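**Student:** Counting the sequence shown from 1 gives a position; this note's numbering is that position plus 826.
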Amino acid sequence: MRLPVVYYGHPVLRQKGRPIREITEEIQKLIEDMFETMEDAQGIGLAAQQVNHALQLTVMDLRGVTDRPSALFIQDQEVPVDEHMPMVLINPVITPLGDVELGPEGCLSFPEIYGEVSRPGEIEVQALDRHGKPLHFRCSGLLARCIQHETDHLNGILFIDRMPTDVRARLKRDLDLLVSETKRSLKKPKPWKAPF
Ligand code: ZN
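Right, dumping it as structure tokens:
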């Protein structure tokens, strides 16, 4: 089932996600729904906060991307990225390794808004997969950028927080507009239902 994506200005995007202690049927269903929502929106990553759940859960799929390379290393052996897609990360913890790089990013919670964001070019990741199996790997390129973007969401951090001041200043008008639209839509009264 496709879920509504929340936009910037919705308070859940600033909430830190609760760690997932048990991967229940409800969590599995949420993972399926998040994949369906992400594919429908043509995104490469989606965090639980973006579908109004403050949880440490994110899904990703980079298979459709051909113009921005990624590398993935398990126990220092490079492995094909596509073989590990689609990817589910539960309770992820990131350790930055590489130098900071500037790269373009967008976000499904910020329609039509894009900008350059500074992030370490390489990271180490520890998380659980959707079956609760521990994952431990190192990655770089787009995959490292995407995982950092999504893990930030799980901690209430947004890509605009990591933009250089001039990039963010250029987007200010669009961001202000988006916040006011989101706030207005949150205030809308529920549709009246006839009592019969
Ligand atoms: Zn995002």
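Glycine is no exception: its CB is placed at the ideal position from the N, C-alpha and C atoms. Please read all numbers here as calculations on a predicted model, not as lab measurements.
Relative to the alpha-carbon of L1003, which residue among G947, S966, I939, D992 has its alpha-carbon at the smallest distance?
**Tutor:** Considering only alpha carbons, the answer is I939.
**Student:** Just verifying my parser: in three-state terms, what is the DSSP assignment at E1036?
**Tutor:** Outside the shown range of the chain, which is 827 to 1022, sits residue 1036, and nothing can be said about it.
**Student:** Start and end of the beta strand (DSSP E) containing A880?
**Tutor:** No beta strand (DSSP E) contains A880, which DSSP labels as neither H nor E.
**Student:** Let's see if you can read the secondary structure: which residues bound the alpha helix (DSSP H) around C972?
**Tutor:** 968-980 is the span of the alpha helix (DSSP H), which, as asked, contains C972.
**Student:** Am I right that G967 and A897 are in contact with their C-beta atoms under 8 Å? What's the rounded C-beta distance?
**Tutor:** Right, the Cβ-Cβ distance comes to about 6 Å (below 8 Å), so this counts as a contact.
**Student:** Write down every uninterrupted run of the beta strand (DSSP E) in the stretch 843-910 whose length is 3 residues or greater and which is fully enclosed by it, in chain order.
**Tutor:** Counting only runs of 3 or more, we get 871-873, 883-886, 896-900, 903-905.
**Student:** Starting from A995 and walking both ways along the alpha helix (DSSP H), at which residues does that stretch end?
**Tutor:** Looking at the DSSP string, the run of the alpha helix (DSSP H) that includes A995 is 991-1013.
**Student:** Can you find a heavy atom of the ligand ZN that lies under 6 Å from the Cβ of C965?
**Tutor:** For the ligand ZN, not one heavy atom lies less than 6 Å from the Cβ of C965.
**Student:** Tell me, to the nearest whole angstrom, how far the beta carbon of T884 is from that of L1001; I am working on the premise that it is less than 8 Å.
**Tutor:** In fact, because the Cβ distance is near 23 Å, the residues do not count as touching under 8 Å.
**Student:** Consult DSSP for I916 and reduce its assignment to one of helix, strand or coil.
**Tutor:** It is a strand residue.
**Student:** Can you tell me where the beta strand (DSSP E) holding G929 begins and where it ends?
**Tutor:** Here the beta strand (DSSP E) through G929 covers 926-931.
**Student:** Hey, F934 and Q875 are a contact pair by Cβ (cut 8 Å); roughly how many whole angstroms apart?
**Tutor:** Reading off the sequence, residue 934 comes out as Leu, not Phe. The pair is not a contact, with the Cβ atoms about 11 Å apart (cut-off 8 Å).
**Student:** Just confirm the distance between the C-beta atoms of I920 and Q841, as a whole number of angstroms; I'd bet it's less than 8 Å.
**Tutor:** Wrong, their Cβ atoms sit about 19 Å apart, outside the cutoff.
**Student:** Tell me which residues share the same chain as T1008 and place their Cβ nearer than 7 Å to its Cβ, disregarding the 5 neighbours each side in the sequence.
**Tutor:** So the list reads Y833, Y834, G835, H836, once near-sequence residues are dropped.
**Student:** Say yes only if the C-beta of C933 is nearer than 6 Å to one or more non-hydrogen atoms of the ligand ZN, and no if none qualify.
**Tutor:** Yes, the beta carbon of C933 sits closer than 6 Å to at least one heavy atom of the ligand ZN.
**Student:** For V838, which three-state DSSP category applies?
**Tutor:** V838: helix per DSSP, three-state reduction.
**Student:** Any chance the stretch 907-921 sits against the stretch 841-861, with 3 or more Cβ pairs inside 8 Å?
**Tutor:** The stretch 907-921 vs the stretch 841-861: in contact.
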